[in-house]
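Let me begin by presenting the structure, written as structure tokens, before commenting on it.
2 protein chains.
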Amino acid sequence: MATPSETISPRRERTRGRLLDAAFDVFARHGVQAASIEAVCEAAGFTRGAFYSNFASKEELFLALTERETRAQLTALEAAAVNLGPDPVGADAPIRDAVRCVLAAVMPDPAAKQSWSVMALEFELMALRDPQVATRYSAQQRRLRNELVDTLDRLMKDLGLRFAVGSHDAVDLLLGAFEAGQRTALLTGSDDARPSTLIETLVDLLVTPA
Amino acid sequence: MATPSETISPRRERTRGRLLDAAFDVFARHGVQAASIEAVCEAAGFTRGAFYSNFASKEELFLALTERETRAQLTALEAAAVNLGPDPVGADAPIRDAVRCVLAAVMPDPAAKQSWSVMALEFELMALRDPQVATRYSAQQRRLRNELVDTLDRLMKDLGLRFAVGSHDAVDLLLGAFEAGQRTALLTGSDDARPSTLIETLVDLLVTPA
DNA sequence: GGTTCTCGATACATCCACGTATCCGATACA
DNA sequence: TGTATCGGATACGTGGATGTATCGAGAACC
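Line by line, the protein sequences give chains A and B. Residues 1 to 210 (the UniProt record's numbering) are what the first sequence spells out, left to right. Residues 1 to 210 (the UniProt record's numbering) are what the second sequence spells out, left to right.
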């Protein structure tokens, strides 16, 4: 994938990485729109000159960041799927645990959880405003969602269960409930570790014996 | 409600109204963060002087706007409830129609639909960042949501149906699915009039005969 | 009809972020 | 070790948004 013969120097690679890390932090703290390029550079220990030598604009940075995050989520998802496949979790409420596990894979770090769900919101917003960004962004999202569908399908089959609705709809509903729950949790300030009971309610509705 | 003896001159009232209208427009078009106060004033046909004589900051404007909108949505909701109460819609798929009708009441204008769902996102974001805004904003949202719960409860009772889960959870799920569907619709560019089939799928899951 | 006060307009000073053009040190390569 | 290129730093000019202090017209009130 990506441009084949376009070799990137390791030095450049590192500074790009540090800039992305810093961007994640600063975006999470101050918001994507509100965050100045300067602030990102400062957090990364660089000057604006370095930034403009690596990215053309904040949009480019934004897309590179989501690219990296989506990629990380995809690999995390695959790893989780491998772990779940052969030997399902507890026998108690296997689906709940499994779903929770899969969701945790996509959104692992509880500290980053908050930052990420807020940033995801903002990313979506940027995409909603800029059609050019929208196409790239929604492609990324689609990939992630499809992967989720596949993983859950396989998981359900392994567990001898099935969704009451199409798996695409199921995933859409799950994601919607997940995000909604997380946001209201953030708003009300309740820092529950669990992704709200809403998901589990929905899972009970969605999952039926095969 | 509000400050009792603090009389507001009719003149002031009008300019405030025009500023709010303009803010709705400009916010929808350019985004809340991106929109400059100046732009709002220009759209309203005023100068910045007028603005600062009516609002202390953009946050104040924002809160006044959401206040007005939620109020409007609440009254629309009540009106819809009255219409639905005595004589349910079609006999075909009464719940679907009813739910769609209620949702349409909360989010009526198809043209404003897009603007509003984007703005709602952005509002939530502002609230997520500013704790002071969050308390006021989430109070508004809670009011609206509770009203929705009541309306749907009454509606279901009238139709001889019931939710498979608690009505609060049901409303949360419905709202989540609604927003998620709307946003993905916006992202993919499909300008469906219907609020996506996701809602109907969910309604079928949620609603059972009493 | 005159006086007062309200409210929006005008003008000003400030600040901050942006993007670019240029420079200089370090690294790679011979 | 000498040289050329790469990549980040420095410095500059610019534009736009903010908030405030002041002014003047017109409405309200007697």
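Heads up, the beta-carbon is just placed ideally off N, CA and C, and yes, glycines get one too. All of these numbers come straight from a predicted model, not from anything done at the bench.
{"Item": "I want to see whether chain A comes within less than 8 angstroms of B:Asp153, judged by CB atoms only; does it?", "Value": "no"}
{"Item": "Taking CB distances under 8 angstroms as the criterion, tell me whether A:Ala91 reaches chain B.", "Value": "Summary for A:Ala91: the model assigns pLDDT 49, below 50, so the residue's position carries little reliability; its value from the coordinates is reported in the next sentence. It does not; no Cβ of chain B falls within 8 angstroms."}
{"Item": "In chain B, which residues lie less than 8 angstroms from A:Glu122 when you measure between Cβ atoms?", "Value": "Leu125"}
{"Item": "Determine, using beta carbons only, whether B:Ile37 and B:Arg29 come nearer to each other than 8 angstroms.", "Value": "no"}
{"Item": "Does the beta carbon of A:Thr201 come closer than 8 angstroms to any beta carbon on chain B?", "Value": "yes"}
{"Item": "Note down, in chain order, each residue of its chain lying with its Cβ closer than 7 angstroms to the Cβ of B:Met126, except the 5 sequence neighbours on either side.", "Value": "Val32, Phe62, Val133"}
{"Item": "Which same chain residues end up closer than 7 angstroms to B:Val149 when comparing Cβ atoms and leaving out the 5 residues on each side of it in sequence?", "Value": "Ser167, His168, Val171"}
{"Item": "Take the Cβ of A:Tyr137 as the centre, count every other Cβ of all protein chains shown within 10 Å, and call the residue buried at 16 or more, exposed below.", "Value": "buried"}
{"Item": "Taking the alpha-carbon of A:Ala177 as reference, which of A:Leu205, A:Leu161, A:Thr151 has the nearest alpha-carbon?", "Value": "A:Leu205"}
{"Item": "Quick one: grab the DSSP three-state call for B:Val32.", "Value": "coil"}
{"Item": "By how many angstroms is the C-alpha of A:Ala72 removed from the C-alpha of A:Val40?", "Value": "21 angstroms"}
{"Item": "Interface residues of chain A around B:Val82 at Cβ under 8 angstroms?", "Value": "Simply none; closest approach about 28 angstroms."}
{"Item": "Given a threshold of 16 other Cβ atoms within 10 Å of its Cβ, counted over all protein chains shown, does B:Arg183 qualify as buried or as exposed?", "Value": "buried"}
{"Item": "Against chain A, does B:Asp169 count as a neighbour if the rule is that its beta carbon must be under 8 angstroms from one of theirs?", "Value": "yes"}
{"Item": "For A:Leu74, which residues in the same chain have their Cβ closer than 8 angstroms to its Cβ, ignoring the five residues on either side in sequence?", "Value": "Arg143, Leu144, Glu147"}
{"Item": "Taking Cβ positions only, does A:Leu20 come closer than 8 angstroms to chain B?", "Value": "no"}
{"Item": "Taking the Cβ atom as the reference point for each residue, do B:Ala44 and B:Ala22 lie within a distance shorter than 8 angstroms?", "Value": "yes"}
{"Item": "So which of A:Gly189, A:Gln141, A:Leu65, A:Ala105 has the shortest CA-CA distance to B:Pro131?", "Value": "A:Gly189"}
{"Item": "In its own chain, which residues sit with a C-beta less than 8 angstroms from the C-beta of A:Leu173, not counting the 5 before and 5 after it?", "Value": "Val165, Leu202, Leu206"}
{"Item": "Does B:Phe178 come out as helix, strand or coil in the three-state DSSP assignment?", "Value": "helix"}
{"Item": "Using DSSP with H/G/I as helix, E/B as strand and the rest coil, what is B:Val207?", "Value": "strand"}
{"Item": "Given a threshold of 16 other Cβ atoms within 10 Å of its Cβ, counted over all protein chains shown, does B:Ser9 qualify as buried or as exposed?", "Value": "exposed"}
{"Item": "Would you decide whether A:Val102 is buried or exposed? Buried here means 16 or more other CB atoms lie within 10 Å of its CB.", "Value": "buried"}
{"Item": "Which residue wins for smallest C-alpha separation from A:Arg18, given the options A:Phe51, A:Ala34, A:Thr66?", "Value": "A:Phe51"}
{"Item": "Below 8 angstroms between beta carbons: does that hold for B:Leu186 and B:Ser115?", "Value": "no"}
{"Item": "Determine the burial state of B:Arg16: buried for a count of at least 16 other Cβ atoms within 10 Å of its Cβ, exposed for fewer.", "Value": "buried"}
{"Item": "Name, please, each residue of chain A whose Cβ falls closer than 8 angstroms to the Cβ of B:Gln33.", "Value": "Gly31, Gln33, Ala34"}
{"Item": "Could you give the uninterrupted runs of the alpha helix (DSSP H) lying entirely in the segment 113 to 177 of chain A, keeping only those of 4 residues or more?", "Value": "131 to 159"}
{"Item": "According to the Cβ coordinates, are B:Ala180 and A:Leu198 closer than 8 angstroms?", "Value": "no"}
{"Item": "Can you find the residues in the same chain that come closer than 6 angstroms, C-beta to C-beta, to B:Arg11, ignoring five residues on each side of it along the sequence?", "Value": "none"}
{"Item": "Give the DSSP-derived three-state secondary structure of A:Gly189 in the structure shown.", "Value": "coil"}
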